[in-house]
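If you use my numbering, the sequence shown corresponds to residues 2 to 372, in order. Cβ atoms here follow ideal geometry from the backbone N, Cα and C, with glycine treated the same way. In this text the structure is predicted, and so the values were computed from the model without any measurement.
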Amino acid sequence: MKRESLSGLLLIACAILAMAISNSPFGPVYDHWLQAPLPAGTHMSLLHWINDAVMAVFFFVVGAEVKREFLYGELKSRSAAMLPMAAALGGMLAPAAIYSVFNAGLPTAGGWGIPMATDIAFSLGVLSLAAPRAPRSLVVFLTALAIVDDLGGIVVIAVFYAGALNAPALAGGLVVWLLMLAACRRNWQQPWLYAAGGILIWLAFFYGGIHPTMAGVLTGFAMPAVPGKDGREGLLLRAEHALTPVSAFLIMPIFALANAGIRLDLSGLSGLLSAPGLGIFAGLVLGKPLGIGLAVWVLVSLKKASLPDGLTMRHFWAVGLVAGIGFTMSLFIAGLAFPASPVLMTAKTAIIAASLTAAVLGGFIVNRISQ
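Set out below in structure tokens:
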């Protein structure tokens, strides 16, 4: 948990720094620096390169974590996986429904995916810092829930936030991925093979209308997890071990610096009372604990699952609030839902306000319960 704690603290520091710069005399320079096109032949700005290319490594780590958990971790057993999977589903549906109630019939209705997310590093960091004596089973539950939540977020991004599709480009990407899966079945462990395949899929998605960071997820899914013929640890696990610190301590802080710069003036804060602002805030702070707690309660009441040793329903309501820390994935989806829109700043403000509220309240309640 030490890595998650440090990563969470670094994310908070970078978000605060981004807001401080945005509200200082250097704010216009900050905005120009992010929005100015780079001379790379694609007319993409630095912000686009961070969100579309650099974040592919973050999504690779997410894909690798998901595959590892289903093969070797808490999601391997159907009985053990049922509780966090149901909780994650409830924790995605309830926030989306609450957001949709606030934004029904409005142009902002498409932002329903924003409050569905849980920031795994931030939430685990808050749990370890605020409640170091929390039962280990609660940490395991939150980890499994957040991983399933990430998988749900990946599906939402790929299906509902895609642009105009280019069938030939996507077909080319699919062929490359199938070849990578065939290499995985043969247990080919050459890193260059999967790196090259991932880059080709990224290009196919970039020109095909699907967000190119999804190439990172597919690359993670396609890597072999079993040991190689030389007895070394599987390539997937080696790559995950190598890139997880890079993602946690470099890529996610860069993303926070580039995306968390919000204006803390009256007009910016008043956006919290708008339909998208209220939908996001209520979805994360109320919808997450409501959806997670109800899902667990229903499963336990129907005797489809049992509570882990040492945990009561109070733990699940409380950790549901901690799961309301959306931050990284919520900011990412907001950029897809409201690109180049004034609503994006409102969404960012609501995400940061909701994540901080969930962190403080959730951490305090879990701490009190765990004493």
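DSSP places serine 356 in the uninterrupted alpha helix (DSSP H) bounded by 344–371.
Inter-residue distance for alanine 283 and leucine 128 is about 21 Å (C-alpha atoms, whole angstroms). Thr220 is the residue among Gln190, Thr220 and Leu90 whose C-alpha sits nearest the C-alpha of leucine 201. In the three-state DSSP reduction, serine 46 falls in the strand class (E or B). Proline 38 is bridged by DSSP to Ser46.
By the criterion of a C-beta distance shorter than 6 Å, valine 157 is surrounded in its chain by Gly114, once the five residues flanking it on both sides are discounted. A distance below 8 Å separates the beta carbons of leucine 300 and alanine 87.
When the five nearest sequence neighbours on each side are left out, the beta carbons in the same chain lying within less than 6 Å of the beta carbon of methionine 224 are those of Tyr195, Leu236 and Leu237, in order along the chain. The beta-carbon separation of threonine 109 and valine 344, rounded to 6 Å, stays under the 8 Å limit for a contact. Look at aspartate 150 here: in three-state DSSP terms it is helix. Short of 6 Å from the beta carbon of leucine 125, and not among the five residues preceding or following it, lie these beta carbons of its own chain, in chain order: Glu5.
About 15 Å separates the beta carbon of alanine 122 from that of leucine 258, a gap too long to meet the 8 Å contact definition. Non-local beta-carbon contacts of leucine 270 in its own chain, meaning distances under 8 Å to residues more than five positions away in sequence, involve Thr350 in chain order.
In this structure, the CA atom of leucine 295 is about 11 Å from the CA atom of leucine 90. Around the CB of lysine 289, 16 or more other CB atoms lie within 10 Å, so the residue is classed as buried. A Cβ-Cβ separation of about 14 Å leaves tryptophan 178 out of contact with alanine 57 under the 8 Å criterion.
For serine 307, the three-state secondary structure derived from DSSP is coil.
Straight-line measurement puts the Cα of phenylalanine 59 at about 9 Å from the Cα of valine 247. Proximity of the stretch 317–325 to the stretch 142–149 meets the contact definition, three or more beta-carbon pairs being nearer than 8 Å.
Cβ neighbours of glutamine 190 within its own chain (closer than 7 Å, five residues either side excluded): Pro225, Gly229 and Leu236.
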